Amino acid sequence: MSPAEFASSSPAPTTALLVDVGGVLLLPNAALLTPVVARHGGVSTEEEFLRAHYAAHNAAFPARGEPRDYYELLPRFAGVPAERLTEAVEDYRAVSRTRNMWHAPDPASKAALAGFVAEGVRVAIVSQADGRIARMLRDAAMCQEGEGPGVTVDAVLDSAVVGYDKPDPRFFRAALDAVGATRDRAVHVGDTVPADVRGAQAADILAVHYDPYGDCDDPGDHEHVRTLAEVGAFLPAPLSTP
């Protein structure tokens, strides 16, 4: 076999996408949480709530500086008047304790995920969680390993199961091993700079910040997207075949 024939018969190198869950695939349940801030004088629509959420999240976990309390920040960004902030923070925190509120599937992200899988991209879900993220994703009909109600992905990694938390680079390397990819053929996308971006960078994986409204305080430090579909521009080509 000639070198050219060998190259054409060899499988294409694996292209891998590592995806965070919270804020990318599963969002805070705006239907349940918007009324909490609205009754304290804050925003009253789900769209406005999600806008406030991303602003608060990026302020709580900045690219530079110390982290802050997201639950203290959310009512502020949601427009709650200063004289009602203390009560609103307590109310929002109390409601959030009743269950994991980050369980609302994002239809646009699900469609993008399905598109990547159809193109032959190996997909690993990489979530800092408590051992239940695979069940949450399946229940939300977002994705799962094997057959199910959502998009079939190659691996779902939960930090509580794997044994490493973000930004430990070993967690990201475990995802590469799970899908049989090398770091130069992989991209990681997540919404939290200290955990997602810094962890991927530490593992020498291209880090993309999911930042729908451009809230990042250091946009020159890493790549950004406003939708999951936009990550396709950063994936190495050619894509592997399904």
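Residue numbers for the sequence shown follow my numbering, beginning at 4 and rising by one. Where is the CB? At the ideal position from N, CA and C, for every residue including glycine. Being a predicted model, the structure only gives us computed values, none of them experimental.
Helix, strand or coil at residue i [DSSP, three-state]
i, result
"G25", "strand"
"P84", "coil"
"A55", "helix"
"V92", "helix"
"P170", "coil"
"V98", "helix"
"T17", "coil"
"E69", "coil"
"T155", "strand"
"H227", "strand"
"P31", "strand"
"E50", "helix"
"L209", "strand"
"D133", "coil"
"G235", "helix"
"A240", "coil"
"G45", "coil"
"F119", "helix"
"F64", "coil"
For residue i, the first and last residue of its enclosing beta strand (DSSP E)
i, result
"Y216", "It is not in any beta strand (DSSP E) - Y216 carries neither H nor E in the DSSP assignment."
"I128", "R125 to S130"
"V192", "A189 to G193"
"P108", "W105 to P108"
"E148", "C146 to E148"
Neighbourhood of residue i by C-beta distance below 7 angstroms, restricted to the same chain and skipping five residues each side
i, result
"P170", "P197, A198, R201, G202 and A205"
"P72", "Inspection of the sequence shows that residue 72 is occupied by Asp rather than by Pro. Counting only Cβ-Cβ distances below 7 angstroms, and skipping sequence neighbours, we find A63."
"R186", "L179, A206, D207 and I208"
"A81", "V40, G45, V46, F52 and A55"
"A114", "none"
"H106", "L29, N32, M139 and A143"
"G217", "none"
Within 8 angstroms, strictly: CB atoms of residue i and residue j
i, j, result
"D23", "D168", "no"
"V192", "V234", "yes"
"L36", "M104", "yes"
"S130", "S99", "no"
"A232", "G123", "no"
"A97", "H43", "no"
"A59", "D220", "no"
"V154", "V120", "yes"
"V156", "I128", "yes"
"A240", "H225", "no"
"E148", "A132", "no"
"L160", "A189", "no"
Buried or exposed (CB count within 10 angstroms, at least 16 for buried), residue i
i, result
"T48", "exposed"
"Y213", "buried"
"Y57", "buried"
"A184", "buried"
"T101", "exposed"
"P110", "exposed"
"P70", "exposed"
"G26", "buried"
Extent of the continuous alpha helix (DSSP H) run through residue i
i, result
"P222", "Where P222 is concerned, there is no enclosing alpha helix (DSSP H), given that its DSSP letter is neither H nor E."
"D161", "No alpha helix (DSSP H) contains D161, which is instead part of the beta strand (DSSP E) from A158 to D161."
"D142", "I136 to D142"
"R186", "Unbroken run through R186: none, as it is neither H nor E."
"A203", "R201 to A205"
Same chain, Cβ closer than 6 angstroms to residue i, five either side skipped, listed in chain order
i, result
"A144", "P152 and G153"
Same chain, Cβ closer than 8 angstroms to residue i, neighbours up to 5 away in sequence not counted
i, result
"Y95", "L36, V39, V40, Y74, L77 and P78"
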